[in-house]
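S.K.: My structure is below; once you've seen it, I'll send some questions.
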Amino acid sequence: MSSGKTRSDRERRRALARKKRKELQRIWHQRYIRIFTYLFAALLAVSVLLIPIRPKESDLEKRELAKFPGLSLTGIFTGTWFSDIDTWFSDTFPFREQLLACQSGVEKLYGLKGEELYGSAGQGDEIPDSAELAPVLLPPSEGDDSGNNDASQEGAVQENTSEEGIVSEEGQAAEETAPDQAETPAEEEPTEDGTIHNQGEVAGTVYIAENRGFEIYYFSNSSAVAYASMLNTVHAILGDSVTIYDMLAPTSFAVCLDEETQLSLGGSSTRDAFNYTYSMLDPAIQQVPVLDTLIKHNAEYVYYNTDHHWTQLGAYYSYVEFCKAKGISAHDITEFRESQYPGFLGTFYSYSNQSEALGNNPDTLVTYTPNGTNDCIISDGQGYEYNYPVVDDATEYSTGGKYSAFIGGDHALTTINNPSITDGSSCVVVKESYGNAFVPFLVDHYQTVYVVDYRYYPNNLTTFIQQNNVSDVIFLNNADAILQSNAETMLSMFM
């Protein structure tokens, strides 16, 4: 009897203990919920109060930041409104760039861990050994009920007779020098080799070695064919009265890194890609190969450390090659007024979450001002125009925006009239941002230089060229900009 009572008392005490624990758990859960609710409310209040000081643009990334999404029932039901709020919140957080720099500094404390790829690594297409001329894609003539131009396209696909870019049986490009592109005289002293051979750290889409950034190049066969086809079509549209020049600009990846490192990173051979693209061009198109020239000068400051563009010195060496192709004399670099603007941190710095290695190796923007004029007219393509310097004083430019000192950045149409030349000569430069640093060197060779950024130009360029009696059309695009979509955009301007 006493033992049964003892067991009953123990069970009662255990039941009371369990009840107390449950009650304590309930009380603590309520406290946690209150604390979380208060913190969330406080964070929300602080976020609302910070709205006026949230940044709207990023100087380093050179882009407009996400905007607060407009309220819509569709967005609420599909959930996109909430995800857009999340994007806006993180994209416009006050002191975001400073926090990213702090994060980069903390990660630096871990030490280098060999090569790293942040994000998914790409894979370029295999570069073919040979190619026929890329097809001409002329629009159907009036009255053509078939709606196509198969006959003209078939006639344009023929065996390649261009000497530039012939590929040997072993797959190695055998470059031939055109008569008006003479090799450097033998007596000229060889330049210092600045090729980087050692491996470094990969951060994001940016490969970092010796405190310099590089973007890995991946070849796309469809893009190369589309680009060559675009040029052949433009040549067919404009006819022989207009000379077309094509300059494929390599990036620092091909110029400043040895080929073994390029391939080890999974990149493609820029040399083989350019030779293949050139092999598909109509022989009437003037090729301006600049890769070997830039490699020859790669110990000089021809590419930025923290930005994906070439420097104006790199553009100058390419301008010299253009003058050879055109058969004119290039000005010596000393004939231009030089200015320097330190403290430039470009796209690689922002893409790598403000890498400390790049931050400790900022660039100096070096500019060369043309002699004939330093005035240009910028048009947005919709009728709004304003005056701007061809090469501006970048002293007050933001840390990440100094490259915009060249022709004011990217615009639909930029017109430069040189009053010291009155022969009626003119050219159109079809370009992306690599062309900006190149254009100032053309000013002293033409009465009028028209600069068209195909990403923004809204009108028919064929009509423009004919109306303005343009004699030269210069296509300048860097390796990473040779995309099928870009080729289609360029072609649409001429159709």
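Start counting the sequence shown at 74; every next residue gets the next number (our numbering).
Glycine included, C-beta positions come from ideal geometry on N, C-alpha and C.
Below 9 Å between beta carbons: does that hold for residue 519 and residue 486?
M.R.: The residue you call residue 519 lines up with position 446 of the sequence shown. The residue you call residue 486 lines up with position 413 of the sequence shown. No, the Cβ-Cβ distance between residue 519 and residue 486 is not below 9 Å.
S.K.: Counting C-beta neighbours from all protein chains within 10 Å, is the total for residue 315 16 or more, i.e. buried, or is it exposed?
M.R.: Your numbering for residue 315 matches position 242 in the sequence shown. It is buried - the Cβ of residue 315 has at least 16 other Cβ atoms within 10 Å.
S.K.: From the DSSP output, in three-state form, read off residue 444 for me.
M.R.: Taking the sequence shown and counting its residues from 1, the one referred to as residue 444 is at position 371. Coil, per DSSP.
S.K.: Going by alpha carbons, who is nearest to residue 484 out of 554, 508, 345 and 526?
M.R.: As a position in the sequence shown, residue 484 is number 411, starting the count at 1. With distances taken between CA atoms, residue 484 lies nearest to 526 out of 554, 508, 345 and 526.
S.K.: Span of the beta strand (DSSP E) holding residue 521?
M.R.: Against the sequence shown, residue 521 aligns to sequence position 448. Unbroken beta strand (DSSP E) run through residue 521: 521 to 526.
S.K.: Kindly give me the distance between the Cβ atoms of residue 436 and residue 409, rounded to whole angstroms, as I take these residues to be in contact under 8 Å.
M.R.: Translated into the one-based positions of the sequence shown, residue 436 becomes position 363. Translated into the one-based positions of the sequence shown, residue 409 becomes position 336. With a Cβ gap of about 19 Å, residue 436 and residue 409 do not count as contacting.
S.K.: So, helix, strand or coil for residue 196, using DSSP?
M.R.: Within the sequence shown, residue 196 is the residue found at index 123, counting from 1. The answer is coil: DSSP assigns residue 196 none of H, G, I, E or B.
S.K.: Can at least three beta-carbon pairs, one atom from the stretch 543 to 561 and one from the stretch 316 to 331, be found at a separation below 8 Å?
M.R.: yes
S.K.: Which residues share a DSSP beta bridge with residue 360?
M.R.: Position 287 of the sequence shown, counting from 1, holds the residue named residue 360. According to the DSSP secondary-structure assignment, residue 360 is paired through a beta bridge with 319.
S.K.: Measure the alpha-carbon distance for residue 384 versus residue 343 and round it to whole angstroms.
M.R.: Position 311 of the sequence shown, counted from the start, is the residue given in the question as residue 384. Position 270 of the sequence shown, counted from the start, is the residue given in the question as residue 343. In a straight line, the C-alpha of residue 384 is about 19 Å away from that of residue 343.
S.K.: Can you check whether the CB of residue 533 is closer than 9 Å to the CB of residue 499?
M.R.: By one-based count along the sequence shown, residue 499 stands at place 426. By one-based count along the sequence shown, residue 533 stands at place 460. No, they are not a contact pair.
S.K.: Quick one: what's residue 486 bridged to in DSSP?
M.R.: By 1-based counting over the sequence shown, the position of residue 486 is 413. Partner(s): 452 and 525.
S.K.: Please classify residue 283 as buried or exposed, where buried requires at least 16 other C-beta atoms within 10 Å of its C-beta.
M.R.: For the purposes of this step, residue 283 is identified with residue 210 of the sequence shown, where counting begins at 1. Burial call: exposed.
S.K.: Please classify residue 204: does DSSP put it in a helix, a strand, or coil?
M.R.: Taking the first residue of the sequence shown as 1, we reach residue 204 at position 131. In the structure shown, residue 204 sits in coil (DSSP, three-state: anything other than H, G, I, E or B).
S.K.: In the DSSP assignment, the alpha helix (DSSP H) including residue 349 goes from what residue to what residue?
M.R.: What you label residue 349 is simply residue 276 of the sequence shown in a count that begins at 1. Counting along the chain, the alpha helix (DSSP H) containing residue 349 begins and ends at 343 to 352.
S.K.: Measure the alpha-carbon distance for residue 510 versus residue 442 and round it to whole angstroms.
M.R.: For this step, residue 510 is matched to residue 437 along the sequence shown. For this step, residue 442 is matched to residue 369 along the sequence shown. The alpha-carbon atoms of residue 510 and residue 442 are separated by roughly 10 Å.
S.K.: Is any heavy atom in the ligand GTP found nearer than 8 Å to the beta carbon of residue 444?
M.R.: The ligand GTP is not part of the structure shown, which contains no ligands of any sort.
S.K.: Using the rule of at least 16 other Cβ atoms within 10 Å of the residue's Cβ for burial, across every protein chain shown, is residue 401 buried or exposed?
M.R.: Counted from its first residue, the sequence shown places residue 401 at position 328. So residue 401 ends up on the exposed side.
S.K.: Do you know whose CA, among 545, 365 and 415, lies nearest residue 358's CA?
M.R.: Mapped onto the sequence shown, residue 358 falls at position 285. Considering only alpha carbons, the answer is 545.
S.K.: DSSP state of residue 558, grouped into three classes?
M.R.: Position 485 of the sequence shown, counted from the first residue, corresponds to residue 558. In the structure shown, residue 558 sits in a helix (DSSP, three-state: H, G or I).
S.K.: Is residue 515 closer than 9 Å to residue 547 when the C-beta atoms are compared?
M.R.: Start at 1 with the first residue of the sequence shown, and residue 547 comes out as number 474. Start at 1 with the first residue of the sequence shown, and residue 515 comes out as number 442. For residue 547 and residue 515, yes; Cβs fall inside 9 Å.
S.K.: Over what stretch of residues does the alpha helix (DSSP H) that includes residue 297 continue unbroken?
M.R.: The count along the sequence shown starts at 1 and reaches residue 297 at position 224. 294 to 311 is the span of the alpha helix (DSSP H), which, as asked, contains residue 297.
S.K.: So what's residue 499 in DSSP terms, helix, strand or just coil?
M.R.: Here residue 499 corresponds to residue number 426 of the sequence shown, with the count starting at 1. Strand at residue 499.
S.K.: By DSSP, does residue 547 sit in helix, in strand, or in coil?
M.R.: Within the sequence shown, numbered from 1, the residue matching residue 547 stands at position 474. Three-state DSSP puts residue 547 in a strand.
S.K.: In chain order, what residues of the same chain have a beta carbon less than 7 Å from the beta carbon of residue 306, not counting five sequence neighbours either side?
M.R.: Here residue 306 corresponds to residue number 233 of the sequence shown, with the count starting at 1. Contacts found: 209, 210, 211 and 564.
S.K.: Since residue 328 is in the alpha helix (DSSP H), which residue starts that stretch and which ends it?
M.R.: Residue 328 sits at position 255 when you count from the first residue of the sequence shown. Taken as a continuous stretch (DSSP letters only), the alpha helix (DSSP H) holding residue 328 covers 325 to 329.
S.K.: Using CA coordinates, which residue listed in 513, 367 and 204 is at the minimum distance from residue 463?
M.R.: Locating residue 463 in the sequence shown gives position 390, counting from the first residue. Minimum Cα distance to residue 463 is reached at 513.
S.K.: Near residue 340, which residues of its chain fall below 8 Å by C-beta distance, leaving aside the five closest residues on each side in sequence?
M.R.: Position 267 of the sequence shown, counted from the first residue, corresponds to residue 340. The answer, listed in chain order, is 197, 289, 290, 291 and 326.
S.K.: Check the DSSP bridge columns for residue 437 and list the partner residues they point to.
M.R.: Counting from 1 along the sequence shown, the entry for residue 437 is found at position 364. In DSSP, residue 437 forms a bridge with 415.
S.K.: With 16 as the cutoff for other CB atoms within 10 Å, does residue 257 come out buried or exposed?
M.R.: Taking the first residue of the sequence shown as position 1, residue 257 is located at position 184. Note on residue 257: pLDDT 38, under 50, position unreliable in the model; the coordinate value appears next. That one is exposed.
S.K.: Would you mind giving the Cβ-Cβ distance between residue 425 and residue 286, rounded to the nearest angstrom? I have them listed as a contact below 8 Å.
M.R.: Taking the first residue of the sequence shown as 1, we reach residue 425 at position 352. Taking the first residue of the sequence shown as 1, we reach residue 286 at position 213. Their Cβ separation, rounded to whole angstroms, is 7 Å, which keeps residue 425 and residue 286 in contact under 8 Å.
S.K.: From this set, 320, 461 and 86, which residue's C-alpha is nearest residue 391's C-alpha?
M.R.: Locating residue 391 in the sequence shown gives position 318, where the first residue counts as 1. For the residues 320, 461 and 86, the minimum Cα distance to residue 391 belongs to 320.
S.K.: Among 449, 317, 395 and 481, which residue has its Cα nearest to the Cα of residue 490?
M.R.: Taking the sequence shown and counting its residues from 1, the one referred to as residue 490 is at position 417. Of 449, 317, 395 and 481, the residue nearest in Cα terms is 449.
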